[in-house]
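Comments concern the structure below.
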Amino acid sequence: MANLTWLVTVVVATANVFLVLVTFYQVLVTRRMLALSVRPLLVDPYLGIDNPEKETVVFGAPGRATLKVPKGQLYFTPPGEGTFYLSVAFQNVGPGIAAITKAYTEPEIPGEVKISRRFVPTDGLVRVNVSVLLGLAGTERFSTDWWAMGGLSLFVEYTDSTGEQRLASEAVIRQYATQGPFIEEVVVYELYRNRRRLISRGRGGY
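My numbering applies: residue 2 is where the sequence shown begins, and numbers increase by one.
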């Protein structure tokens with residue numbers, strides 16, 4: 002009888018442990034689904050190569066220029082003297098609002114980096130606008146037609162509406178002898194303890 006009681010106790014305890022594990026797994030799945038339901042995702046927009054629509058882009062110092070550029074497209078000024086302007090658009094294709102926290106370039110360049118908005122709804126656009134005063138140390142590449150030959154990345158960091166999911170999107174700009182500057186690659190990362198963990202990567206463009 003004692004052995005039977007012990008066996009029943011073990012079976013009940015095992016069943017309870019199993020139920021706890023199942024419940025814990027269900028909680029994790031629910032949290033994951035909830036996180037995905039509000040996760041933003043900033044990538045390069047596609048609005049058609051013949052899209053005639055323009056948008057107003059405001060750059061920072063120096064110059065603080067306000068220009069009309071093709072909506073959603075990569076924009077840069079011709080090389081020369083004075084100020085070089087560069088603007089990259091990202092579109093939120095995720096289901097949640099993106100709260101922008103930071104924007105920067107890699108490698109770092111002497112200039113001002115501005116974002117066009119702080120909160121980006123689904124299907125909304127945000128631009129990262131870079132102003133570079135030519136003639137300063139580190140700006141030599143932007144005085145030539147080949148400024149993107151070595152590659153230049155623009156990053157935008159953002160969170161979801163809860164602030165729990167920290168993400169970053171990278172637009173990699175390159176050019177080749179037979180092709181002018183274009184966005185060759187867009188990479189999306191999850192940020193964890195100041196490290197980037199790759200989520201997705203898309204290559205190609207024109």
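Even for Gly, the Cβ is constructed at its ideal location relative to N, Cα and C. Bear in mind that the values here come from a model prediction, so they are computed numbers and not experimental data.
Per-residue DSSP class, three states only, for Ser117: Correct three-state label for Ser117: coil.
Boundaries (first-last residue) of the beta strand (DSSP E) holding Gly203: 196 to 204
Contained beta strand (DSSP E) runs [length at least 3] in the stretch 52 to 96, N- to C-terminal order: 55 to 59, 67 to 71, 84 to 93
Same chain, Cβ closer than 6 Å to Val70, five either side skipped, listed in chain order: Val58, Tyr76
Short Cβ contact (9 Å threshold) for Val127 with Ala172: no
4-residue-minimum alpha helix (DSSP H) runs that sit fully inside the stretch 127 to 192, ordered along the chain: Fully enclosed alpha helix (DSSP H) runs of 4 or longer: not present.
Gly64 to Thr106 span [Cα, whole Å]: One alpha carbon belongs to Gly64, the other to Thr106, and they sit about 19 Å apart.
Among Pro122, Phe143, Val89, the one whose alpha carbon lies nearest that of Pro111: Phe143
Inter-residue Cα distance where the pair is Val131 and Lys115: Distance between the alpha carbons of Val131 and Lys115: 6 Å.
Arg118 versus Thr145: straight-line alpha-carbon distance, rounded: Going from the Cα of Arg118 to the Cα of Thr145 covers about 30 Å.
Residue nearest to Ala178 in terms of C-alpha spacing, selected from Leu43, Gln166, Gly203, Gly151: Gly151
Burial state of Gln180, where buried means 16 or more other Cβ atoms lie within 10 Å: By the 10 Å Cβ count, Gln180 comes out exposed.
Buried or exposed (CB count within 10 angstroms, at least 16 for buried), Glu158: Per the 10 Å Cβ criterion, buried.
Straight-line Cα distance separating Thr163 from Gly83: 42 Å
Cβ pair Gln166, Glu191 closer than 9 Å: yes
Close Cβ partners of Ser154 (< 6 Å) along its chain, the five nearest in sequence each way excluded: Glu107, Glu171, Val173
Cβ distance (whole Å) where Pro46 is taken to contact Ala90 below 8 Å: 6 Å
With 16 other Cβ atoms within 10 Å as the buried cut-off, status of Trp147: Under this definition Trp147 is an exposed residue.
Paired residues, beta bridge with Val44 - DSSP: The beta-bridge partner set that DSSP reports for Val44 consists of Gln92.
Buried or exposed by the 16-neighbour rule on C-beta atoms within 10 Å, applied to Leu137: exposed
Residue range of the beta strand (DSSP E) that includes Thr106: 99 to 107
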